[in-house]
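**Student:** Taking mature numbering (1 follows the signal peptide of the UniProt record, and there is no 0), I'd label the letters of the sequence shown as residues -21 to -1, 1 to 550.
Note that the Cβ used here is the ideal one computed from N, Cα and C, for glycine as well.
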Amino acid sequence: MKKISLFALGIVGAMAFTACSDEAYTEKYNDPSKTTTVSCDKLFTGVVWTGRTYGMQTYWGLCTFELPQIGAYSQVSSHFSADVDYEGTGSYVSYGNDRWTNFYEDLAQYKLMRYTFNNLSAAEQTANQLYMDCATVWMYDQLEKAVDLWGDIPFVNACNIQISANIADSKASYDDAKTLYEMMLNGATLTDVKGESQAFDGLATLYSRIKGATAPSSFASQDILFGGDVSKWASYAIGLRARMALRVSTQGELASTGQAVLKEIANTVASDAQDCATGFADPSIVAFSYNDGNGMNWGGGWNEWACQYSRLSFKMAEMLNLPEGSKMNHDTDIHVEGADPRAAVMFDASNAGTVHILDYHQTFSDQYYEGWKKEETYRWFTVVDSATFINNAYFMHPIMTKAEMLLTLAEAAQRGYITGSAETYFKQGVQASVDFYYAENAKSKFRTAVPQPDATAYIDALWTNATDKLEAICNQRWLHFSMLQQEQSYAEVRRTGFPKLEFRDFSNDPNFTIPRPMDRIVYPSNETQNNLEYMTEAINRLSNKNQEWYNNLFWAKSAGTWYTVIDLPYE
């Protein structure tokens, strides 16, 4: 599997592929191609740094993959009606390769760190345990996202060539998605291609060790995610375990496992709930530097993005209760009557001070000539908020949030998996989401922060007026993830069928290769070139091997059942 592993031959897991030149990063990380030894603390920094492209709101991750493809499937982003051929403007071929490759670049870093750690003395392992555990939490987050996109993927046998220097290790078999989920949830010992046992701790064990850990003196300087805050790593670990447990709990072979895990950790998640976000803490940083104060350039994707995908989508407007044509501007009517309080800090109205939606019900001609062409002279459509997102050099990238953790408990309680009040968890979760978005807005220096209103009455009404409480909870999880965690939004709609999405079916149009939304992302073309045998084995395990994109993952609703097909003209 050359694309996954061979890059490591020349750099042995180094960071050359990131084109990183930040002096501060170089100080935090030893390039294994230029040193005779590597250390766990430096490799820990490398693991997080390598995965930032899709773990953070970077330009490349947002603009090439998430907004044009994942955002299309979850409808958190907007698209032209005739442009939504569900191929992500070709990203399922080229940019899907980038998404896949970045994951395996990150995994190569992690595998080298595991190898280094496992070859330390017992005393040295004790001293480096926190680095190893936190790197594993980060890697499990990236692994879950990769599994949720593709299903079965190489893991245990992947990225070992930099350790073995054996060309045979450049190709790796695909591990079963369920097995990988079980490993992350509860730990597992997997057997590699050589017949050797590889033990991987589960998130419960990782959480317990991190929670009780005393950080070494260098941890704060090496932790580019949370600046040495061990409590955030503990929250990250237990929140990630809850996310995974809920993901598999609804249907599929691991449903009972997920439900049992949720019951086991419910109280712990609630007590550890906090926003685990990372970004720009130094107030001396000038706008657009996209720098955390330590010379670490995270990318700053939102400030570089101004295209159709940043416009207000129909489903997002519906969830925010933002009617087409309503008055909304930052001088007088920032809070639209009856609208979700988050709307004021999530979106900017048109230059005319009105809400205009890029509505998928319209034909392309109407969208283009009655809206997009007008943007040649002024902004016609409602767009993601310029202060909160586009011009916010202090933007905090959400990794795990208090709102998600509480809404996870709300759904688990509503489904009867855990005890506790679904209503209480729901209201606390939505309030935490409101707090999060207003906190993001308040960090911006672009303009005066929007005063946060009292959301109590609005949140109470969301619960009271909901005829289907489960739908209300799932809708709010989707809304909270929004454009910030699009891969989570995509996973959630496939798992629950909420919010209720509508899509055109282009099956009768020969111009469309993929006529309906993908139930799973197709394996990238570089696997066809470099790991065809093992990729073919994985495809042959699918029920619909001839159309691999129409196969549900083991935890998801049946293929094509998480949305409704509509018959509307589109040209």
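(1) Please name the residue or residues paired with Y38 in a DSSP beta bridge.
(2) According to DSSP, is K306 helix, strand or coil?
(3) Please report the Cβ distance between N519 and K150, rounded to the nearest whole angstrom; I am assuming they are in contact, meaning their Cβ atoms lie under 8 Å.
(4) Which residues in the same chain have their Cβ closer than 6 Å to the Cβ of A391, if we skip the five residues on either side of it in sequence?
(5) Is C138 near F23, with beta carbons less than 8 Å apart?
(6) Assess, as a yes-or-no matter, whether the region 492 to 502 is touched by the region 121 to 133 under the definition of 3 or more beta carbon pairs within less than 8 Å.
(7) Quick one: Cα of N530 to Cα of D155, how far?
(8) Can you tell me whether G350 is buried or exposed? The criterion is at least 16 other CB atoms within 10 Å of its CB, across all chains shown.
(9) Can you tell me whether Q54 is buried or exposed? The criterion is at least 16 other CB atoms within 10 Å of its CB, across all chains shown.
(10) Please classify H314: does DSSP put it in a helix, a strand, or coil?
(11) Quick check on T247: does DSSP put it in helix, strand or coil?
(12) So which of V135, Y288, A178 has the shortest CA-CA distance to V362?
(13) Just checking, does the region 298 to 311 make contact with the region 326 to 339 on the three C-beta pairs under 8 Å criterion?
(14) Suppose you measure from the CA of I493 to the CA of F198; what does that come to, to the nearest Å?
(15) Specify, as a first and last residue, the run of the alpha helix (DSSP H) that M384 falls within.
(16) Can you tell me whether Q467 is buried or exposed? The criterion is at least 16 other CB atoms within 10 Å of its CB, across all chains shown.
(17) Once DSSP output is grouped into helix, strand and coil, what is the label at D327?
(18) Quick one: what does DSSP say F360 is sitting in, helix, strand or coil?
(19) Does N107 pass the burial test, meaning 16 or more other C-beta atoms within 10 Å, or should it be called exposed?
(20) Go to R483, then tell me how far its beta strand (DSSP E) extends in each direction, as first and last residue.
(21) Given H335, which residues of its chain have a CB within under 6 Å of its CB, disregarding the five upstream and five downstream residues?
(22) Nearest-angstrom Cα distance between Q230 and L122?
(23) Less than 8 Å between the beta carbons of L225 and G237, yes or no?
(24) By Cβ distance, which residues of its chain are closer than 7 Å to T32, with the 5 residues on each side in sequence left out?
(25) Which value, in whole angstroms, describes the spacing of the CA atoms of N136 and I438?
(26) Bridge partners for A178 per DSSP, in chain order?
(27) Since I believe S423 is in contact with T380 (beta carbons under 8 Å), could you give me their beta-carbon distance rounded to a whole number of angstroms?
(28) Thinking C-beta only, is V472 closer than 8 Å to L463?
(29) Just list the residues that DSSP pairs Y542 with in beta bridges.
(30) Spatial neighbours of G181 within its chain, please: CB distance less than 6 Å, with the 5 preceding and 5 following residues excluded, ordered by chain position.
(31) For the alpha helix (DSSP H) holding A137, just list the boundary residues, first then last.
(32) Quick check on Q88: buried or exposed, where buried means 16 or more other Cβ atoms within 10 Å of its Cβ?
(33) Pop quiz: A322 and L337 are said to be a contact at Cβ under 8 Å. What is the actual Cβ separation, rounded to whole angstroms?
(34) What does a CB cutoff of less than 7 Å around M223 pick up in its chain, not counting 5 residues either side in sequence?
(35) Do you know offhand how far V(-10)'s Cα is from D546's?
(36) Using CA coordinates, which residue listed in L109, T247, R483, P432 is at the minimum distance from I313?
**Tutor:** Taking the geometry as given:
(1) Position 59 of the sequence shown holds residue 38. DSSP lists no partner for Y38.
(2) For this step, residue 306 is matched to residue 327 along the sequence shown. Note: K306 maps to strand in three-state DSSP.
(3) For the purposes of this step, residue 519 is identified with residue 540 of the sequence shown, where counting begins at 1. For the purposes of this step, residue 150 is identified with residue 171 of the sequence shown, where counting begins at 1. N519 to K150, Cβ: 17 Å. No contact.
(4) For the purposes of this step, residue 391 is taken as the residue at position 412 of the sequence shown. Here the set comprises L241, I397.
(5) Counting from 1 along the sequence shown, the entry for residue 138 is found at position 159. Counting from 1 along the sequence shown, the entry for residue 23 is found at position 44. No, they are not a contact pair.
(6) yes
(7) If you number the sequence shown from 1, residue 530 lands on position 551. If you number the sequence shown from 1, residue 155 lands on position 176. Their backbone Cα atoms lie some 15 Å apart in a straight line.
(8) Residue mapping note: residue 350 aligns to position 371 of the sequence shown, counting from 1. Its Cβ being crowded by 16 or more others within 10 Å, G350 is buried.
(9) Within the sequence shown, the letter at position 75 stands for residue 54. By the 10 Å Cβ count, Q54 comes out buried.
(10) The count along the sequence shown starts at 1 and reaches residue 314 at position 335. Coil at H314, not helix or strand.
(11) Along the sequence shown, one-based indexing puts residue 247 at 268. T247 falls in the helix class under three-state DSSP.
(12) By one-based count along the sequence shown, residue 362 stands at place 383. That would be Y288, whose Cα lies nearest to the Cα of V362.
(13) yes
(14) Translated into positions along the sequence shown, residue 493 becomes position 514. Translated into positions along the sequence shown, residue 198 becomes position 219. So the alpha carbons of these two residues sit roughly 47 Å apart.
(15) Within the sequence shown, residue 384 is the residue found at index 405, counting from 1. It spans 381 to 393 - the alpha helix (DSSP H) in which M384 sits, taken as one unbroken run.
(16) Looking up residue 467 in the sequence shown gives position 488. Buried, since its Cβ has 16 or more Cβ neighbours within 10 Å.
(17) What you label residue 327 is simply residue 348 of the sequence shown in a count that begins at 1. Strand at D327.
(18) If you number the sequence shown from 1, residue 360 lands on position 381. DSSP places F360 in coil when its eight states are reduced to three.
(19) Here residue 107 is taken as the residue at index 128 of the sequence shown, counted from 1. Buried: at least 16 other Cβ atoms inside 10 Å.
(20) As a first step, residue 483 must be located in the sequence shown, where it is residue number 504. Where R483 is concerned, the enclosing beta strand (DSSP E) stretches over 480 to 483.
(21) In the sequence shown, counting from the first residue as 1, residue 335 sits at position 356. For H335, where only same-chain residues beyond five positions count, the Cβ hits under 6 Å are S329, W359, F360, T361.
(22) Taking the first residue of the sequence shown as position 1, residue 230 is located at position 251. Taking the first residue of the sequence shown as position 1, residue 122 is located at position 143. Distance between the alpha carbons of Q230 and L122 is about 20 Å.
(23) The residue you call residue 225 lines up with position 246 of the sequence shown. The residue you call residue 237 lines up with position 258 of the sequence shown. Yes, the pair counts as a contact, with Cβ atoms nearer than the cut-off.
(24) Taking the sequence shown and counting its residues from 1, one reaches residue 32 at position 53. So the list reads W39, G40, N81, once near-sequence residues are dropped.
(25) Taking the sequence shown and counting its residues from 1, the one referred to as residue 136 is at position 157. Taking the sequence shown and counting its residues from 1, the one referred to as residue 438 is at position 459. Spanning the two alpha carbons is a distance of roughly 48 Å.
(26) Residue numbering aside, residue 178 sits at position 199 when the sequence shown is read from its first letter. Its beta-bridge partners are T168.
(27) Here residue 380 corresponds to residue number 401 of the sequence shown, with the count starting at 1. Here residue 423 corresponds to residue number 444 of the sequence shown, with the count starting at 1. Not confirmed; about 18 Å, so no contact.
(28) In the sequence shown, residue 463 corresponds to position 484, counting from 1. In the sequence shown, residue 472 corresponds to position 493, counting from 1. No.
(29) For the purposes of this step, residue 542 is taken as the residue at position 563 of the sequence shown. The partner list for Y542 (beta bridge, DSSP) reads L480.
(30) The sequence position of residue 181 within the sequence shown is 202, counting from 1. Only L164, N165, G166 meet the Cβ criterion.
(31) As a position in the sequence shown, residue 137 is number 158, starting the count at 1. From DSSP, A137 is part of no alpha helix (DSSP H); its letter is neither H nor E.
(32) As a working note, residue 88 is residue 109 in the sequence shown. With 16 or more Cβ atoms within 10 Å of its Cβ, Q88 is classed as buried.
(33) What you label residue 322 is simply residue 343 of the sequence shown in a count that begins at 1. What you label residue 337 is simply residue 358 of the sequence shown in a count that begins at 1. No, A322 and L337 are not in contact; Cβ-Cβ is about 16 Å, not under 8 Å.
(34) Position 244 of the sequence shown holds residue 223. Contacts found: E123, Y160, M163, L164.
(35) Numbered from 1 along the sequence shown, position 12 holds the residue referred to as residue -10. Numbered from 1 along the sequence shown, position 567 holds the residue referred to as residue 546. For V(-10), the predicted structure reports a pLDDT of 32, less than 50, and the residue's modelled location is therefore unreliable. A value from the coordinates is still provided. Each residue's Cα considered, the two are about 52 Å apart.
(36) Against the sequence shown, residue 313 aligns to sequence position 334. The shortest Cα separation from I313 among L109, T247, R483, P432 belongs to P432.
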